[in-house]
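In the working numbering, the protein residues as written are 1 to 188.
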């Protein structure tokens, strides 16, 4: 599952210590397990926190990561890269939790975004205008933050920024705006 590329730039002493710990863990040495947990717990915990998870969710990521490690300890392909392996597993679990939270509790779209569209509607029917605004709001709330920002910048920003301005604001390559827009519109 995780990328197990060689540990470039890692101190050989750390690699040797990790390989020794892993060997002892595979033999059922409880002290080795405790040392491994102590060594990497804060790293894994920080990954969840750095992605905006709550303290409880970050603690769950630690538990999930070490559980996955325990289940796969005998099948690791690169014994010299335990830290990288654990970090990769933690990031993937974190991304899943973040994605699930976005689906369950989407961030509300700024009401200004909806108000920008309303004048463009030709209907004099307040109910139709409200339904369209609500439909748009719900659709935008289902998108990832990045897609929401991109769609808003492309179609709803009254200043009509250029691709270069959008790329700079969203910190993405200008050439990736079109393909990203297509994926976002498909999701919408």
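Even for Gly, the Cβ is constructed at its ideal location relative to N, Cα and C.
Quick caveat: nothing in here was measured; it's all calculated off a predicted structure.
Own chain, CB closer than 8 Å to residue i, minus 5 neighbours either side, in chain order
i	result
residue 139	188
Residue i burial status per 10 Å Cβ neighbour count (16 or more: buried)
i	result
residue 38	exposed
residue 146	exposed
residue 176	exposed
residue 53	buried
For residue i, the first and last residue of its enclosing alpha helix (DSSP H)
i	result
residue 74	No alpha helix (DSSP H) holds residue 74; DSSP gives it neither H nor E.
residue 20	12–26
residue 149	145–151
Cβ shell of residue i (< 7 Å), same chain only, five flanking positions each side left out
i	result
residue 33	25
residue 184	143, 147, 150 and 151
Which of helix, strand or coil DSSP assigns to residue i
i	result
residue 178	helix
residue 31	helix
residue 93	helix
residue 159	coil
residue 139	helix
residue 51	coil
residue 43	helix
residue 188	coil
residue 173	coil
Segment contact, 8 Å Cβ cut-off, at least three pairs: the segment 71–85 with the segment 50–62: no
Cβ pair count under 8 Å reaching 3, the segment 87–100 against the segment 34–53: yes
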